[in-house]
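In full-length UniProt numbering, the protein residues as written are 1 to 67.
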């Protein structure tokens, strides 16, 4: 059990995570030869297709179809 001084503040943790994701996105978008789909995104968000229940092969087919 963590003491109150060691507990992570939820807001600061979310802010740090968002900063990290934004910096990561910007660095991937800055690469000219990137072949990742994630580098084409305008904002940091999870692809809704990842939340749908389906098998790996079905998900792969859906993602390839969207390209």
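Note that the Cβ used here is the ideal one computed from N, Cα and C, for glycine as well.
- Per DSSP, residue 11 is one residue of the alpha helix (DSSP H) stretching across 10-30.
- The C-beta separation of residue 22 from residue 49 comes to about 22 Å, leaving the pair out of contact by the 8 Å criterion.
- At a Cβ-Cβ threshold of 9 Å, residue 52 and residue 59 count as neighbours.
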